[in-house]
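Colleague: Taken in order, these protein sequences are the chains called A and B.
First residue of the first sequence? That's 340 in our numbering, and the numbers climb one at a time after it.
First residue of the second sequence? That's 349 in our numbering, and the numbers climb one at a time after it.
From the three backbone atoms N, C-alpha and C, an ideal C-beta is built for every residue, glycine too.
Quick caveat, the model's predicted, so the values are computed rather than measured.
For reference, the structure I am asking about is given below.
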Amino acid sequence: MSTVAIDLTGVRKSFGDKIVVDGLSFSVASGECFGLLGPNGAGKSTIARMVLGMVAPDSGKMTVLGETVPARARLARMRIGVVPQFDNLELEFTVRENLLVFGRYFNMSAREVQAVVPALLEFARLESKADARVAELSGGMKRRLTLARALINDPHLLVMDEPTTGLDPHGRHLIWERLRLLLARGKTILLTTHFMEEAERLCDRLCVLEAGRKIAEGKPRELIDEQIGCQVIEIYGGDPHELSALIRPYARHIEVSGETLFCYATDPEQALVQLRGRAGLRLLQRPPNLEDVFLRLTGREMER
Amino acid sequence: MREGYAAAMPANAYNWVAVWRRNFLAWRKVALASVLGNLADPMTNLFGLGLGLGIIVGRVDGTSYIAFLAGGVVATSAMTSATFETMYAAFARMHAQRTWEAILCTQLTLGDIVLGELAWAATKAVLAGTAIAIVAATLGYAAWASILYLIPVIAITGFVFASLAMVVIALAPSYDYFVFYQTLVITPMVFLCGAVFPVNQLPSAFQHVAGLLPLAHSVDLIRPAMLGLPTGGIGLHIGALCMYAVLPFFLSIALFRRRLMR
């Protein structure tokens, strides 16, 4: 097995006049969790579909598990498990039947599927639901079944398109925990998400996308340190312009997003002293996160 | 680009079976309702038209009208069951249910899926067509021995109309468009192709058109067999049906690729 699971070089794709993926290059090592992070419409899903050979790039080179994609994508897909953005389980089938039918798509015999079903049900915490119709399952259970289904062929690589979108916090944490377990077992994960927290918790490395372009790449912690590297004060209420003038001396930079003022404070104590006397403000001091990196890089409503 | 189309074709000779088995499992859960629903319409036609009109019409081509009609109803029911299975059920699996999307994430190709769907629609055509042939044989309107010969002909007929309907669903934005195919193609074919009255009753221009339509070839193979008469031009009929099955099959894969793989 090659140590590079996915390699993209100069990949471009446009739909009509709209450039969706703009000269993207990245490489995912075996056993790594690599995140594609960006807002809706950044091109994340298109990239995931390209990796699976479902969208052909206009130009550029792609290799997935040693196979040239899209030409030999089918061979790569034999060793890939996919968790799509929208559940596409068989609602009228039972949990067990869903796994059986999906196993057949990988040319597995009924016996081969039956041999792996107990472990998959346990993994998805659906042991008691094996013979329940999928239509009767909760949203979180359906997602976990989708994840179990993606593992039926014992894939080397998992491609997950927004795996926790639409789940409640409990369901989300349960999925994250399962994914960490898979990483511990040596699986490679390509994950698209617009949840900064998800990316920060799971990804070894990530690529921040905007409008189909890579605007940053690296380890989450390093990106945060490089781009922000100081405490953040969130300020709600008051006039953003007046407030930013007040705290500018103590800030590396200041950003306004919606009604919130983000102060990247070199000297948070002094900034807070300036603000505390003022009525009608709510203040929150916290360590920096990927959200700040994204805000910084996309430069929405930058203030200086 | 050509490489992309090649990758969408069936990967091997057996991948489609998994798709057929998925549809079979889904059908098994509703089999009774499905069989009754699929047989009610052709049976009504056979007895309603056959006995009712038969009184007025008398004998057609030297046989009773209902015996003449039986072959037409077998061919027509194969056509409609394959058409409707594809237009409604397969379209739902491709579109709203996202079943195809899930399958495309496995090692199956688009061609494997389409082939599995065609084989399934042809299976449903065989069920419907054979059931009617058995009823006709039981009532003495058809030769029992002909049924074994009919099965492959009904299966090809099913493939043909499933394949044609695949092109329709590859192009149709929604269910609303199917009615055009149904009213402008399927229904006229019943009357042009000799299913309910002999083609030689038509003006000669229409007879020429009928000779090009797939249902006419099915009827020309099925009816003489059921009546125990010699069948002419078997090779020509089979060849024409194979063309109608194979060309739309490849066309639909190319169209689906444009629709789904982007």
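1. When Cβ atoms are compared, which residues of the segment 539 to 570 of chain A fall closer than 8 Å to chain B?
2. Against chain B, with Cβ distances strictly below 9 Å, would phenylalanine 441 (chain A) count as a contact?
3. Say whether chain B places a C-beta atom closer than 9 Å to the C-beta of glycine 377 (chain A).
4. List the residues of chain B whose Cβ lies closer than 8 Å to the Cβ of glutamate 436 (chain A), in chain order.
5. Of the choices A:Arg560, A:Asp507, A:Val498, whose alpha-carbon is the least far from that of leucine 518 (chain A)?
6. With 16 as the cutoff for other CB atoms within 10 Å, does serine 566 (chain B) come out buried or exposed?
7. Which of helix, strand or coil does DSSP assign to leucine 490 (chain A)?
8. Output needed for threonine 433 (chain A): all residues of its chain with C-beta closer than 8 Å, excluding positions within five of it in sequence on either side, in chain order.
9. When you compare each of A:Leu600, A:Ile572, A:Ile563, A:Ser596 to glutamate 581 (chain A) by their alpha carbons, which one comes out closest?
10. Leaving out five residues on either side along the sequence, give the residues of the same chain with a beta carbon under 7 Å from the beta carbon of threonine 650 (chain A).
11. Going by CA-CA distance only, name the one from A:Tyr575, A:Arg435, A:Leu459 that's closest to glutamine 624 (chain A).
12. Is the Cβ-Cβ distance between alanine 374 (chain B) and aspartate 460 (chain B) less than 9 Å?
13. Is glutamine 445 (chain B) closer than 9 Å to leucine 430 (chain A) when the C-beta atoms are compared?
14. Taking contact to mean 3 or more Cβ pairs, one atom from each stretch, closer than 8 Å, check whether the segment 401 to 414 of chain B and the segment 400 to 414 of chain A are in contact.
15. For the segment 344 to 362 of chain A, list every residue whose C-beta sits within 8 Å of some C-beta in chain B, in sequence order.
16. Verify the CB distance criterion: does proline 409 (chain A) have a CB-CB separation below 9 Å to chain B?
17. Pop quiz: cysteine 590 (chain B) and leucine 563 (chain B) are said to be a contact at Cβ under 8 Å. What is the actual Cβ separation, rounded to whole angstroms?
18. For glutamine 609 (chain A), I'd like the list of residues in its chain whose CB is within less than 7 Å of its CB, leaving aside the five on either flank, ordered along the chain.
19. Let me know if leucine 560 (chain B) comes out buried or exposed under the rule of 16 or more other beta-carbons within 10 Å of its beta-carbon.
20. Could you name the residues of chain A that arginine 407 (chain B) contacts, counting a contact when the two beta carbons are closer than 7 Å?
21. List, in chain order, every chain B residue whose beta-carbon is nearer than 7 Å to that of alanine 412 (chain A).
22. Does the beta-carbon of leucine 384 (chain B) have 16 or more other beta-carbons within 10 angstroms, so that it is buried, or is it exposed?
23. Would methionine 340 (chain A) pass as an interface residue toward chain B - the criterion being a Cβ-Cβ separation below 9 Å?
24. Looking at the secondary structure, which residues open and close the alpha helix (DSSP H) in which alanine 309 (chain B) lies?
25. Tell me where the beta strand (DSSP E) around lysine 553 (chain A) begins and ends.
26. Determine the closest residue to leucine 603 (chain B) out of B:Gln555, B:Val516, B:Thr471, B:Arg369, with distance taken between C-alpha atoms.
27. Can a CB atom of chain B be found closer than 9 Å to the CB of methionine 393 (chain A)?
28. Of all the alpha helix (DSSP H) runs that stay within the bounds of the segment 343 to 419 of chain A, which reach a length of 4 or more residues?
29. For chain A, is any of its Cβ atoms less than 9 Å away from the one on lysine 472 (chain B)?
30. What span of residues does the beta strand (DSSP E) with glutamine 555 (chain B) cover, start to end?
31. Residues of the segment 433 to 465 of chain B with a CB closer than 7 Å to any CB of chain A: list them in chain order, please.
32. For glutamate 598 (chain A), does the three-state DSSP call read helix, strand or coil?
33. Tell me whether glycine 551 (chain A) is buried or exposed, calling it buried when 16 or more other Cβ atoms sit within 10 Å of its Cβ.
34. Determine the extent of the beta strand (DSSP E) in which cysteine 590 (chain B) is found, giving its start and end residues.
35. Helix, strand or coil for aspartate 500 (chain A), going by three-state DSSP, please let me know.
36. Taking three-plus beta-carbon pairs below 8 Å as touching, is the segment 532 to 539 of chain A in contact with the segment 364 to 383 of chain A?
Modeller: Reading off the structure:
1. Of all residues in the segment 539 to 570 of chain A, none has a Cβ within less than 8 Å of some Cβ in chain B.
2. Yes, phenylalanine 441 (chain A) counts as interfacial toward chain B.
3. Taking Cβ atoms only, chain B never reaches closer than 9 Å to glycine 377 (chain A), which makes this a no.
4. Under the 8 Å cutoff, chain B gives Leu373.
5. The shortest Cα separation from leucine 518 (chain A) among A:Arg560, A:Asp507, A:Val498 belongs to A:Val498.
6. With 16 or more other Cβ atoms inside 10 Å of its own Cβ, serine 566 (chain B) counts as buried.
7. Looking at leucine 490 (chain A) - three-state DSSP - the assignment turns out to be coil, as it is neither helix nor strand.
8. Same-chain partners within the cutoff: Ala469, Asp470, Ala471, Arg472, Val473.
9. Checked all of A:Leu600, A:Ile572, A:Ile563, A:Ser596; the closest Cα to glutamate 581 (chain A) is A:Leu600.
10. With chain A running from 340 to 643 in the structure shown, residue 650 (chain A) is simply not present.
11. Closest option to glutamine 624 (chain A), judged by alpha-carbon separation, among A:Tyr575, A:Arg435, A:Leu459: A:Tyr575.
12. No.
13. Yes, Cβ-Cβ distance for leucine 430 (chain A) and glutamine 445 (chain B) is below 9 Å.
14. Flag = no, the segment 401 to 414 of chain B and the segment 400 to 414 of chain A do not touch.
15. Correct list: Phe354.
16. True, the Cβ-Cβ gap to chain B drops below 9 Å.
17. Rounded, the Cβ-Cβ distance is 15 Å, inconsistent with contact.
18. For glutamine 609 (chain A), the CB contacts under 7 Å within the same chain, skipping 5 residues up- and downstream, are Tyr589 in chain order.
19. The Cβ neighbour count for leucine 560 (chain B), taken over all protein chains shown within 10 Å, is under 16; the residue is labelled exposed.
20. Correct list: empty, because the minimum Cβ distance to chain A is about 49 Å.
21. Chain-ordered, the chain B residues with CB closer than 7 Å to the CB of alanine 412 (chain A) read Ala355.
22. It is exposed - the Cβ of leucine 384 (chain B) has fewer than 16 other Cβ atoms within 10 Å.
23. Model confidence at methionine 340 (chain A) stands at a pLDDT of 49, short of 50, so the residue's coordinates are unreliable and nothing is read from them.
24. Only positions 349 to 610 of chain B appear in the structure, and residue 309 (chain B) is not among them; the question remains open.
25. First-last of the beta strand (DSSP E) with lysine 553 (chain A): 552 to 557.
26. Distances from the alpha-carbon of leucine 603 (chain B) to those of B:Gln555, B:Val516, B:Thr471, B:Arg369 put B:Val516 closest.
27. True, the Cβ-Cβ gap to chain B drops below 9 Å.
28. 383 to 390, 412 to 416, all fully within the segment 343 to 419 of chain A.
29. With 9 Å as the cut-off, lysine 472 (chain B) does not count as an interface residue toward chain A.
30. Bounds of any beta strand (DSSP E) do not take in glutamine 555 (chain B); it lies within the alpha helix (DSSP H) bounded by 552 to 560.
31. Taking 7 Å as the Cβ-Cβ cut-off against chain A, the residues of the segment 433 to 465 of chain B that qualify are Arg446, Thr447, Glu449, Ala450, Ile451, Leu452, Cys453, Thr454, Gln455, Leu456, Thr457.
32. Collapsing the DSSP output to three states places glutamate 598 (chain A) in coil.
33. Per the 10 Å Cβ criterion, buried.
34. First-last for cysteine 590 (chain B): 582 to 608, but that is the alpha helix (DSSP H), not the beta strand (DSSP E).
35. Aspartate 500 (chain A) sits in a strand when the DSSP states are folded into three classes.
36. Contact check between the segment 532 to 539 of chain A and the segment 364 to 383 of chain A: three or more CB pairs, one atom from each, fall below 8 Å, which counts as touching.
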